[in-house]
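The structure appears below as structure tokens.
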Amino acid sequence: MSAEAADREAATSSRPCTPPQTSWFEFLLEEQLLEQHLRKPSPDPPPVQLIVQFLEQASKPSVNEQNQVQPPPDNKRNRILKLLALKVAAHLKWDLDVLEKSLSVPVLNMLLNELLCISKVPPGTKHVDVDLSSIPPTTAMAILLYNRWAIRTIVKSSFPVKQVKPGPPQLNLKEQAADSILVLEGALKLNKDLYVHTIRTLDLLAMEPGMVNGETESSTAGLKISAEEIQCQVCYDLGAIYFQQGATNAALHENAKEKFFKTRELIAKIGSSSLHCTIDEERLAGYCQACGVLTSSDDDASQQATPYSQIDNCLKTGNYQDLVKIFLEDNLALSLPVQFRQSVQRELFQNALQGNDALEEVCFKICVCNTVRDILQGEIIDVQFCLLFLKPNKEKIDFLLEACSRSINLENASESLKRKMASFLKNLCLGLEDLQLVFMISSHDLFIKLLKDDERKLLIDEMRKRSPRINLCTKPVTSFYDIPASASVNIGQLEHQLILSVDPWRIRQILIELHGMTSERQFWTVSNKWEVPNVYGNVILGIKDNLTRDLVYILMAKGLHCSAIKDFVHAKQLFAACLELVTEFSPKLRQVMLNEMLLLDIYTHEAGPGANGERPPSDLISRVRGYLEMRVPDIPLRQVIAEECVAFLLNWRENEYLTMQVPLPLVQTNPYVKLGQLLAATCKELPGPKESRRTAKDLWEVVVQICSVSNQHKRGNDGRVSLIKHRESTLGIMYRSELLSFIKKLREPLVLTTILSLFVKLHNVREDIVNDITAEYISIWPSSIPNLQSVDFEAVAVTVKELVNYALTINPNNHFWLIIQADIYFATNQYSAALHYYLQAGAICSDFFNKMVPPDVFTDQVIKRMIKCCSLLNCHTQVAILCQFLREVDYKTAFKALQEQNSHDAMDSYYEYIWDVTILEYLTYLHHKRGETDKRQIAIKAIGQTELNASNPEEVLQLAAQRRKKKFLQAMAKLYF
Numbered sequence: 001m002s003a004e005a006a007d008r009e010a011a012t013s014s015r016p017c018t019p020p021q022t023s024w025f026e027f028l029l030e031e032q033l034l035e036q037h038l039r040k041p042s043p044d045p046p047p048v049q050l051i052v053q054f055l056e057q058a059s060k061p062s063v064n065e066q067n068q069v070q071p072p073p074d075n076k077r078n079r080i081l082k083l084l085a086l087k088v089a090a091h092l093k094w095d096l097d098v099l100e101k102s103l104s105v106p107v108l109n110m111l112l113n114e115l116l117c118i119s120k121v122p123p124g125t126k127h128v129d130v131d132l133s134s135i136p137p138t139t140a141m142a143i144l145l146y147n148r149w150a151i152r153t154i155v156k157s158s159f160p161v162k163q164v165k166p167g168p169p170q171l172n173l174k175e176q177a178a179d180s181i182l183v184l185e186g187a188l189k190l191n192k193d194l195y196v197h198t199i200r201t202l203d204l205l206a207m208e209p210g211m212v213n214g215e216t217e218s219s220t221a222g223l224k225i226s227a228e229e230i231q232c233q234v235c236y237d238l239g240a241i242y243f244q245q246g247a248t249n250a251a252l253h254e255n256a257k258e259k260f261f262k263t264r265e266l267i268a269k270i271g272s273s274s275l276h277c278t279i280d281e282e283r284l285a286g287y288c289q290a291c292g293v294l295t296s297s298d299d300d301a302s303q304q305a306t307p308y309s310q311i312d313n314c315l316k317t318g319n320y321q322d323l324v325k326i327f328l329e330d331n332l333a334l335s336l337p338v339q340f341r342q343s344v345q346r347e348l349f350q351n352a353l354q355g356n357d358a359l360e361e362v363c364f365k366i367c368v369c370n371t372v373r374d375i376l377q378g379e380i381i382d383v384q385f386c387l388l389f390l391k392p393n394k395e396k397i398d399f400l401l402e403a404c405s406r407s408i409n410l411e412n413a414s415e416s417l418k419r420k421m422a423s424f425l426k427n428l429c430l431g432l433e434d435l436q437l438v439f440m441i442s443s444h445d446l447f448i449k450l451l452k453d454d455e456r457k458l459l460i461d462e463m464r465k466r467s468p469r470i471n472l473c474t475k476p477v478t479s480f481y482d483i484p485a486s487a488s489v490n491i492g493q494l495e496h497q498l499i500l501s502v503d504p505w506r507i508r509q510i511l512i513e514l515h516g517m518t519s520e521r522q523f524w525t526v527s528n529k530w531e532v533p534n535v536y537g538n539v540i541l542g543i544k545d546n547l548t549r550d551l552v553y554i555l556m557a558k559g560l561h562c563s564a565i566k567d568f569v570h571a572k573q574l575f576a577a578c579l580e581l582v583t584e585f586s587p588k589l590r591q592v593m594l595n596e597m598l599l600l601d602i603y604t605h606e607a608g609p610g611a612n613g614e615r616p617p618s619d620l621i622s623r624v625r626g627y628l629e630m631r632v633p634d635i636p637l638r639q640v641i642a643e644e645c646v647a648f649l650l651n652w653r654e655n656e657y658l659t660m661q662v663p664l665p666l667v668q669t670n671p672y673v674k675l676g677q678l679l680a681a682t683c684k685e686l687p688g689p690k691e692s693r694r695t696a697k698d699l700w701e702v703v704v705q706i707c708s709v710s711n712q713h714k715r716g717n718d719g720r721v722s723l724i725k726h727r728e729s730t731l732g733i734m735y736r737s738e739l740l741s742f743i744k745k746l747r748e749p750l751v752l753t754t755i756l757s758l759f760v761k762l763h764n765v766r767e768d769i770v771n772d773i774t775a776e777y778i779s780i781w782p783s784s785i786p787n788l789q790s791v792d793f794e795a796v797a798v799t800v801k802e803l804v805n806y807a808l809t810i811n812p813n814n815h816f817w818l819i820i821q822a823d824i825y826f827a828t829n830q831y832s833a834a835l836h837y838y839l840q841a842g843a844i845c846s847d848f849f850n851k852m853v854p855p856d857v858f859t860d861q862v863i864k865r866m867i868k869c870c871s872l873l874n875c876h877t878q879v880a881i882l883c884q885f886l887r888e889v890d891y892k893t894a895f896k897a898l899q900e901q902n903s904h905d906a907m908d909s910y911y912e913y914i915w916d917v918t919i920l921e922y923l924t925y926l927h928h929k930r931g932e933t934d935k936r937q938i939a940i941k942a943i944g945q946t947e948l949n950a951s952n953p954e955e956v957l958q959l960a961a962q963r964r965k966k967k968f969l970q971a972m973a974k975l976y977f
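Numbering-wise, the UniProt record's numbering puts 617 at position 617 of the sequence shown, and it's gapless, one number per residue.
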């Protein structure tokens, strides 16, 4: 080998070392090092860190011979360090946005004070007394910078910020706020350009420290800042401080408005790309909008510029017709946040409760607009809407149909939106008893367009729900290889098109052109967003032909991405093209693509027809079974496909296959199949005889092992032995996180109820448990665990909460799941939330308490827990009323509660809900004893109602009790929902 070849080999094989970070003291030793360092693309340490280091070293106190702490000495070293910090800030062009983001308030204060010092501003000088027009431009600019920073810091300090840990006391800049405002107002009168110090001017000042400011080149040299840029930045900062002070002085909002609108004019004049005027235009627009609402203006156009100002104007003037119109238009535009719309609704209801009867109709219409918006976004119907719709009439139905019609554009609306609206209208019909009102809805144009003829007839004739059928058709595509390649274009443009395109034929065309232009690039690396699972990546990257390798990789990556974002149409096209391509040369990749297309078909069905309850076609079920039974060697498999297949079979109740037909080797090798088999077997035998507990016991043992942790003993330095729990290890067939991920793919109610029941029982087995959680089928599980210490009960408690929250997203109207959620809140001492869910469970299964709540929902245990919640919330009158709900009235608890005088509920307003004469008699006695005449009269009036006469037939007494139960529970719902 020649010497030149050896040198080339050594140069290519050697690996460059990371250069060490430059230390702060090196800049003291070499004068030119700082500028060289700052010119680097990514200097290490970065500029702002250098400022901190320089000022930190320059401000270090010294210790004298008597060990007394002295202030930092004013020596040459410290002066140079301060100068270096100023040079770094000059390199950053004194950009306050950058400096404030990275420097603390004390450090930035020190830096700007050094700038004032070097600019010949004497310490202690009041800036408000300085005539900016008579001093050198660089000095004036230094004063402006300091006062701008002071104002900005005051504004930022008014925002609520969570302090991570206590630090040194911050500067109190608010005392000088008035002076700083006067300085900046004076700066607006300057009509001349100013200069800010650069590294060069700072060097000149350092070389000529004895010269009078204004007599050297450094006074008028530097970086030029135009008068317009200065005024624009100062106007914005003044507007921000005026806006902040407007909270205590409303007149200042006018000043803020003037400054912000002036800023907007100046930005339009100088352009938003100014180097020295950096203003957040979105924040400026928000300020302008807020000022427009907070201040009165003669300019009607500015007041009507945004929906917010229009709504505010409507509320102030009482123009509620236009307010309803704005809300209806926003149901299509979706520009107003849901929280804002709800706040307007709450304000109207508040005004209506204060005696403004004219607002009742407006409240209903706004509530309807918000409810329709919630429905189209997949949210739960608001309780307030249910309350307002308890007594429907023709006018209410007319407006509701109008709101629905104006909230959806049928020509452009997605199938999902149409399904949501159709489902709402169908449920509305099912909830109406007046057939004339049902006919109004069913004969409406929107209803006719959304539902088919047979569905409408079945709904009216039989009054039962029917899911719309969706016919899917597959359009044949042309051959993958029939598309010619076009002429070549610029590589960068082609790569950009390659990233954006989801058309497989266009992707192939682009790749052919790119490979025709260069053979050195690997185009599958163009975008770091193209990700293919590692199990597939090794096979794909092993393809020898570069074009084919790039094409297969990109098609698969884009298909997986489209599937992840639920763009199933493009995902299927990409996968089909990839399948056609790999079929020619790789049986292994062909099977991979068939597996991925199976997963895609599962996703497509679950998001489409499956979401409406339509069973999957038998062909899809057969393909899922075939995947699980597949025994092709050397095929890379993704675990998620097996998960989805098992979840798919459970969701569509293929329990017979999972329990009887699935091959035994598959159960032994695939943990998800084993878990699915145990779940299917347990669900299949529910409710069943005691023999069914054998399958439940097998499932119990598997889950207990998954939730168990391995323990190890370790001897410490003191000789004692301690127990260490390894939470990441598992003794079961899978990790707890994997089990939780799998459960969150399930939608079948019985399967979810079973697994939820198991975890609730496992949670209750804990020795230190105080309040058990109730669930269906809880008796089928074993009542004890041999080794309690091995179970991670903290993880079990977290899992129960996650599972209940997930289950309620699947069906928020399952009253048994709601009771579990309520029990969890009860066990964790969150009594108001517990009452919310107890009442919600009762409301759902009783048509908002218009019917009797089933006794298996409001059991004695549930009622007792509601009583305890009310008692701990100091709502003692509610406690007494709830004591009547028990099978045996608990007079002891009721009387004790009524004796409490510090009650946080409506007290005597609730007496009309009491039907037990004994409790009413006790109330009469109690108020007489206390001398409370008014309350005694209320109790006497309640007890004197004829329907409570003990001589009445039992049916009359039961009807009276039921009517009072209904009213009381509806009142409780208003309070806790």
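The C-beta atom is built at its ideal place from N, Cα and C for all residues, glycine as well.
Since this is a predicted model, take the numbers as computed values, not measurements.
Under the assumption that residue i contacts residue j (Cβ atoms under 8 Å), give the Cβ distance between them as a whole number of angstroms.
{"i": "Trp524", "j": "Ile554", "result": "6 Å"}
{"i": "Ile118", "j": "Leu205", "result": "6 Å"}
{"i": "Tyr838", "j": "Val862", "result": "6 Å"}
{"i": "Val128", "j": "Val196", "result": "That belief does not hold up - the Cβ atoms of Val128 and Val196 are roughly 21 Å apart, past 8 Å."}
{"i": "Trp149", "j": "Leu92", "result": "Going by Cβ atoms, the distance from Trp149 to Leu92 rounds to 14 Å, so no, they are not a contact pair."}
{"i": "Leu450", "j": "Lys418", "result": "6 Å"}
Among all the DSSP beta bridges, which residues are the ones paired with residue i?
{"i": "residue 981", "result": "Residue 981 is absent from the structure shown; the chain starts at 1 and stops at 977."}
{"i": "Ser42", "result": "Note: Ser42 sits in no beta bridge, so no partner."}
{"i": "Ser62", "result": "Gln70"}
Span of the alpha helix (DSSP H) holding residue i?
{"i": "Phe54", "result": "47–58"}
{"i": "Tyr423", "result": "For the sequence presented, residue 423 should be read as Ser rather than Tyr. First-last of the alpha helix (DSSP H) with Ser423: 415–431."}
{"i": "residue 978", "result": "Residue 978 lies beyond the stretch modelled for the chain, which goes from 1 to 977, so this question has no answer here."}
{"i": "residue 1053", "result": "No answer is possible for residue 1053: it lies beyond the span of the chain, which begins at 1 and ends at 977."}
{"i": "Tyr825", "result": "815–827"}
{"i": "Asp97", "result": "96–102"}
{"i": "Gly124", "result": "No alpha helix (DSSP H) holds Gly124; DSSP gives it neither H nor E."}
{"i": "Gly186", "result": "177–187"}
{"i": "Glu643", "result": "639–651"}
{"i": "Ala681", "result": "671–684"}
Identify whether residue i lies in helix, strand or coil by the three-state DSSP scheme.
{"i": "Val791", "result": "strand"}
{"i": "Ser708", "result": "strand"}
{"i": "Gln70", "result": "strand"}
{"i": "Ser157", "result": "helix"}
{"i": "Ser832", "result": "helix"}
{"i": "Ala251", "result": "coil"}
{"i": "Arg373", "result": "helix"}
{"i": "Glu900", "result": "coil"}
{"i": "Arg766", "result": "coil"}
{"i": "Gln962", "result": "helix"}
{"i": "Leu410", "result": "coil"}
*Check whether the region 751–759 touches the region 804–813, taking contact to mean three or more Cβ pairs, one atom from each stretch, closer than 8 Å.*
yes
*Below 8 Å, can you find three or more Cβ-Cβ pairs linking the region 941–961 to the region 888–906?*
no
*Is the region 584–591 in contact with the region 510–528, if contact means three or more CB pairs nearer than 8 Å?*
no
*Would you check if there are 3 or more beta carbon pairs closer than 8 Å linking the region 227–238 to the region 181–201?*
Segments in contact, yes.
*asked:* With a threshold of 8 Å, are at least 3 pairs of Cβ atoms found where one atom belongs to the region 306–314 and the other to the region 261–270?
replied: no
*Assess, as a yes-or-no matter, whether the region 842–849 is touched by the region 870–880 under the definition of 3 or more beta carbon pairs within less than 8 Å.*
no
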